[in-house]
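Keeping their order, the protein sequence lines are chains A and B.
Quick note: the first sequence, position 219, residue 219 per the working numbering, numbers continuous.
Take the position in the second sequence, starting the count at 1, then add 1000; the result is the number in the working numbering.
A virtual CB, placed ideally from N, CA and C, is assigned to each residue, including glycine.
The block underneath contains the structure these notes are about, expressed in structure tokens.
There are 2 protein chains.
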Amino acid sequence: MEDLEPNDPIAELITNYHELNSSIIEELDEEPSALEFMRYVARNTPFVVRGGAADWQATRTWTVDYLKDFLGDELVNVAVTPTGNADAPTLYTSPTSPTPTLVFAKPHEEDQPFSSFLTYLTTPTPTTTNPPTTTPSPEVRYAQTQNNNLHHEYLPLLSHRDIPSSIPWARVALARDPDAVNLWIGNGRSVTALHRDNYENVYVQVAGRKHFVLLPPACQAGVGERGLRGAVWVRRGGDLEKEGDGDGDGEGGGGGGGLELVLEEGGEMVPFATWDPDRPEENATPYSHLVQPMRVTLEPGDMLYLPCMWYHKVSQSCPPDGVCIAVNYWYDMDFTGPLYPLSTFVRSVSNQKK
Amino acid sequence: MEDLEPNDPIAELITNYHELNSSIIEELDEEPSALEFMRYVARNTPFVVRGGAADWQATRTWTVDYLKDFLGDELVNVAVTPTGNADAPTLYTSPTSPTPTLVFAKPHEEDQPFSSFLTYLTTPTPTTTNPPTTTPSPEVRYAQTQNNNLHHEYLPLLSHRDIPSSIPWARVALARDPDAVNLWIGNGRSVTALHRDNYENVYVQVAGRKHFVLLPPACQAGVGERGLRGAVWVRRGGDLEKEGDGDGDGEGGGGGGGLELVLEEGGEMVPFATWDPDRPEENATPYSHLVQPMRVTLEPGDMLYLPCMWYHKVSQSCPPDGVCIAVNYWYDMDFTGPLYPLSTFVRSVSNQKK
Ligand SMILES: O=C(O)CCC(=O)C(=O)O
Ligand SMILES: O=C(O)CCC(=O)C(=O)O
């Protein structure tokens, strides 16, 4: 760790922020009013409403069997990776570049029949069998399109009113409808790497548990943003139809019928956080040790307000034969006011330090 | 003007801010709801409500005669300066330090009977007589204590319900009572220098007109903040009682019976903005030319929301025999959230650049 200068403005910023703000998330027992919510938006401060969605149809009825009945063999977009890290900084090697370099790896995406996707998710993996095998784990699958998928591939669930199409207090406070409503279905093997979005996010846990690690925009200098070359996981040896049951058999690495990481040619560098708050010694910047991550686990029926521009890393746990399901509501953030230009400023100053 | 580097983060911040935010103030026809107000607080964006206080008792009854009747010879605190700049960067010279240096000059403060204070304010000054004289102008007086004076020396006006004790939509939105309610009484000769406060401010014009120049916190690097030595105007030749009618006769400068600027011994340096948006070439920083000041004139009955941490310079105009009267409501700002630490950061980075 490099030494910081005594009056380093970036260190002072992170320290000041933490002195003025708790790193323990605020917990509400009931949903806020629009005005109460707007106060949190103004403070750009997260909160969780325990049981806020406990009376939603979805949190009571969305079992694997219900969903299979409901959506059947509809094709849905699935992100496929060897170890569960879609859209994540990943070490890349190849015969021609044997020194590992960090690249930004996008998942392999393919359409799969919804019911066989759920079957795959709920089939215990070889490494969880007893005795454990050393067989390479099968691929990890995650339905995680963030393209307003509840108005497209999963529309029947919304039309059936299993979930509301907006969150009343957020809609009234922000005076707009959500820009996207997204369904997330996966299992305990998927992790979403630390990143941030330009959205006000109301995240609702429906089944299984989600573990969030949250960092405010003021901590930008700690996340080790770097420009990473883009790469994508590619399925070798044909697409899913040819493989039959859709179980896949591949693994990341250099070849075979599994998944192979392929560098994108001529693409732009992707600026992305490389620090992982759960492995704080790796890829740390001189400021990472000042950052106090906020952690919260959502149980089914809990709602999280994740303010715009907060970094978040998300992992999940669910029973071996179960799935994790969540719905999030993305409301456009307000680019007027000081937060966006000031956050960009923090980023420019932080990146110039490097 | 120094040349800026191509990717100067400070220049980028000011430019980004202005690209995303209008420099023309938003005008409302009626008072906002608490929720609508909270949206402006969240955006840290000013607005004016034209005629928002037109039905206040004060905007209809507060004439000079009414106020004289009402408060009579009560003693009130008055700020006295030679040219109208209380609490302002001022050039200081003395026989022992003949090179002018910029100091932070506080007014001479003294208690005066309210009715003779008003008589002084409404007596045309020699320089406005015809033909103009070269006689040094008499001193400038301004009742401008910012110590919640409507709950102290001017309490009878509040008790009489000429003005409300809080602004309902601000009280509900911010979930607190004002920390201070202040009355400002002066004439066209007083100017309040560019500065900022850690308060959410609702400013209500009662009589005369006020001209605000406003700069957002993101423009900090343009205001030329410097550490100035403290100084205070001191009345030479005795206090007001001895002078009889309270007209005064002094002028700034090195002596006589008038006002003299005296350096404070051993005091701390006062960090203060030295750039004046109305004289943009003087004391400019390399960033001042990027700043787009927002200007608004308040007429009697208008209300201004002046968000916390915005720089403001305030001047006033009123008929030669009239006074300018305003009331402002200061609500504690929220130090949690990103605005305060990020503004401090902008300031640290800006000051390190110097
Ligand atoms: O649930 C996840 O895996 C990630 C959620 C997320 O990144 C988001 O809601 O913005
Ligand atoms: O009215 C004035 O002269 C100055 C007002 C001011 O600075 C304030 O309201 O904070």
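Chain B residues whose Cβ lies nearer than 7 Å to that of residue i
i: residue 348(A); result: 1009, 1012
i: residue 34(A); result: 1035
i: residue 20(A); result: 1335, 1336, 1340, 1341
i: residue 173(A); result: 1035
Contact test: residue i Cβ vs ligand 1 heavy atom, cutoff 7 Å
i: residue 62(A); result: no
i: residue 179(A); result: no
i: residue 58(A); result: no
i: residue 203(A); result: yes
i: residue 356(A); result: As displayed, chain A neither begins before 1 nor continues past 354, which places residue 356(A) out of reach and without an answer.
i: residue 332(A); result: no
Residue i beta carbon near ligand 2 (any heavy atom closer than 7 Å)
i: residue 1184(B); result: yes
i: residue 1192(B); result: yes
i: residue 1314(B); result: yes
i: residue 1302(B); result: no
i: residue 1305(B); result: no
i: residue 1106(B); result: no
i: residue 1328(B); result: yes
i: residue 1197(B); result: yes
i: residue 1210(B); result: yes
i: residue 1144(B); result: yes
Short CB-CB distance (under 8 Å) between residue i and chain A
i: residue 1041(B); result: yes
i: residue 1352(B); result: yes
i: residue 1179(B); result: no
i: residue 1134(B); result: Confidence is the limiting factor: at residue 1134(B) the pLDDT is only 49, short of 50, which leaves the residue's position unreliable and the question unanswerable from this model.
i: residue 1337(B); result: yes
i: residue 1044(B); result: yes
i: residue 1247(B); result: Annotation note: pLDDT 37 at residue 1247(B) (below 50); position unreliable, coordinate value reported separately. Cβ-Cβ to chain A under 8 Å: no for residue 1247(B).
i: residue 1113(B); result: no
Within-8 Å CB hit, residue i to chain B
i: residue 38(A); result: yes
i: residue 148(A); result: no
i: residue 328(A); result: no
i: residue 201(A); result: no
i: residue 17(A); result: yes
i: residue 273(A); result: no
i: residue 63(A); result: no
i: residue 344(A); result: yes
i: residue 311(A); result: no
i: residue 251(A); result: Caution applies to residue 251(A), whose pLDDT of 34 falls short of 50 and renders its modelled position unreliable; the value that the coordinates give is listed next. For residue 251(A), the answer is no, since every Cβ of chain B falls outside 8 Å of its Cβ.
Within chain B, partners of residue i - CB distance below 8 Å
i: residue 170(A); result: None at all; the shortest Cβ gap to chain B is about 12 Å.
i: residue 89(A); result: Within chain B, no residue comes near residue 89(A); the closest Cβ sits about 25 Å away, beyond 8 Å.
Under 9 Å by beta carbon: chain B residues contacting residue i
i: residue 319(A); result: The premise fails here: residue 319(A) is roughly 38 Å from chain B at the closest Cβ pair, so nothing lies under 9 Å.
i: residue 331(A); result: Simply none; closest approach about 13 Å.
Interface residues of chain A facing residue i [CB-CB closer than 9 Å]
i: residue 1047(B); result: Chain A residues near residue 1047(B): none, gap ~12 Å exceeds 9 Å.
Proximal chain A residues relative to residue i, where beta-carbon distance stays under 8 Å
i: residue 1053(B); result: Residues of chain A passing the Cβ test: none, with the nearest at roughly 23 Å.
Got a sec: which bits of the stretch 207-236 of chain A sit with their beta carbon under 7 Å from any beta carbon on chain B, in order along the chain? Here the close residues are 216, 217, 218.
For the stretch 1040-1050 of chain B against the stretch 35-45 of chain A, do three or more pairs of beta-carbon atoms, one drawn from each stretch, fall closer than 8 Å, so that the two count as touching? Segment contact: the stretch 1040-1050 of chain B against the stretch 35-45 of chain A, three or more CB-CB distances shorter than 8 Å; contact assigned.
Got a sec: which bits of the stretch 1280-1302 of chain B sit with their beta carbon under 7 Å from any beta carbon on chain A, in order along the chain? So nothing in the stretch comes that close.
Can you find at least 3 beta carbon pairs, one from the stretch 191-198 of chain A and one from the stretch 297-305 of chain A, that sit closer than 8 Å? No contact exists between the stretch 191-198 of chain A and the stretch 297-305 of chain A.
Given 8 Å, three or more beta-carbon pairs between the stretch 4-21 of chain A and the stretch 281-293 of chain A: Yes, the stretch 4-21 of chain A touches the stretch 281-293 of chain A.
Would the stretch 45-63 of chain A count as touching the stretch 22-29 of chain A if we require 3 or more Cβ pairs under 8 Å? These segments touch.
Is the stretch 1224-1234 of chain B in contact with the stretch 1096-1109 of chain B, if contact means three or more CB pairs nearer than 8 Å? When C-beta atoms of the stretch 1224-1234 of chain B are compared with those of the stretch 1096-1109 of chain B, three or more pairs fall below 8 Å, so the two segments count as touching.
Assess, as a yes-or-no matter, whether the stretch 1207-1214 of chain B is touched by the stretch 1160-1179 of chain B under the definition of 3 or more beta carbon pairs within less than 8 Å. Contact between the stretch 1160-1179 of chain B and the stretch 1207-1214 of chain B is absent, because fewer than three Cβ pairs lie under 8 Å.
Pairing CB atoms from the stretch 1105-1116 of chain B with CB atoms from the stretch 1072-1091 of chain B, are three or more of them under 8 Å? The answer is yes - the stretch 1072-1091 of chain B touches the stretch 1105-1116 of chain B, with three or more Cβ pairs under 8 Å.
For the stretch 268-285 of chain A against the stretch 153-166 of chain A, do three or more pairs of beta-carbon atoms, one drawn from each stretch, fall closer than 8 Å, so that the two count as touching? Inter-segment contact for the stretch 268-285 of chain A and the stretch 153-166 of chain A is absent: fewer than three beta-carbon pairs are separated by less than 8 Å.
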